[in-house]
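The opening position of the sequence shown corresponds to residue 20 in my numbering, with each subsequent residue numbered one higher.
Idealized CB from N, CA, C, for every residue including glycine.
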Amino acid sequence: MQLRKVCVLIAALTCSSLSLGQALDSYTVPRNEHGQPDFQGSWGVRFSTPLERNEGMPLVLTPESAKGFTDALHSFVFSENTDPDIDIFGPQLLVTVKGEFRSSVLVYPENGVLPYNELGIETSSYGYFNGEGYDGPEQRPGVERCVEGWGAPPMRGFPYQVYYGFVQTPDKIAIVGEETNPLRVIHLDGATRPDAIRTFEGHSVGRWEGETLVVKTTHYSDTIPQRASTGRPMLISAKAEVTERFTRLSETELHYQYEVTDPEYYTDDFRGEFSLIRDDSGHIYEYACHEGNYSMVGALMGARVQEAEVRATDNNSN
């Protein structure tokens, strides 16, 4: 059933992409009450395409290659799944940009690989997402503790649906994410921030260039440099500058591009892109991660059980 859905999806996108260029050229971006390009509403990101590209793969995939790639992702992620009722929600979806199937989010460097320097390689290999231990919740990673989401720039994708709600005023744009409900504010009025005030999300200042929203983000904290992604983590230091471009291509597609400059961890800049897809339901639900975070309790309880077993073994050996 899932593979049939893949074939239908690929066929539909292939047919639609033939006339997509003409459609984009003729599309008129709607304006909001402030005269700005209207991005307001709910937009979703959902794909299994990795951040980096596998060696030897082209950036743009043919429909046949795209199906082979999704089949491989399906086999890798769900190789041990024998329950036909399990919802296979992610591996059949690839990044599409202007009708093209992509093998990676990164479009530069040309090889689609993060240009880490030696410190970047060392830091990216650190098992932050595995946590530092199980003595208490403070040793677990931010994602597991419901305090770190996917909304900090640059935006990233994930196999399950991640929604973002856009709200525009004359001098601000607010973006709220569904996962962990992060709130990001883009300042269109040039508002600045003291250099000493630094956060995980940074400080974003935007401007309009025709139909495109251009956003520059600085003032990052380097307390947690790792940014979760599909594949190796992305690193963002306090020296990082991230430039994003949002362009509405149609009623249902919001094109997103970013460029990261960060000499702390990289030998070169890198760029990525994907599209956010319109969600007409318009609902961004409360994530309620803390209230439903039973896995945290289970992990800590499991650690206590293991400790008790070790103590019992030591006592018996004595």
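For the options Phe293, Leu138, Ile192, the alpha carbon positioned closest to that of Asp281 is the one of Leu138. Rounded to the nearest whole angstrom, the CA to CA distance from Leu80 to Arg121 is 6 Å. With contacts defined as CB atoms closer than 9 Å, Ser240 and Arg203 fail to qualify as a contacting pair.
A straight-line Cα-Cα distance of about 25 Å links Thr231 and Met253.
When DSSP states are grouped into helix, strand and coil, Ala331 belongs to the helix group.
Rounded to the nearest whole angstrom, the CA to CA distance from Asp208 to Val64 is 28 Å. The residues Leu70, Glu71, Arg72, Gly131, Val132, Leu133, Phe289, Arg290, Gly291, in chain order, have a CB closer than 8 Å to that of Leu125 in the same chain once the five nearest residues on each side in sequence are set aside.
Residues Ser122 of the same chain have their beta carbon placed closer than 6 Å to that of Met76, with the five preceding and five following residues left out of the count. Counting the other Cβ atoms within 10 Å of the Cβ of Ile140 gives fewer than 16, which makes it exposed.
Residue environment: Gln55 is assigned as buried (16 or more neighbouring CB atoms within 10 Å of its CB, all protein chains considered).
In this model, Ala210 and Phe293 are separated by some 28 Å (Cα to Cα). Short of 6 Å from the beta carbon of His238, and not among the five residues preceding or following it, lie these beta carbons of its own chain, in chain order: Arg212, Arg217, Gly221, His222.
Using a C-beta cut-off of 8 Å, the segment 262-273 makes no contact with the segment 240-250, since fewer than three inter-stretch Cβ pairs fall below that distance.
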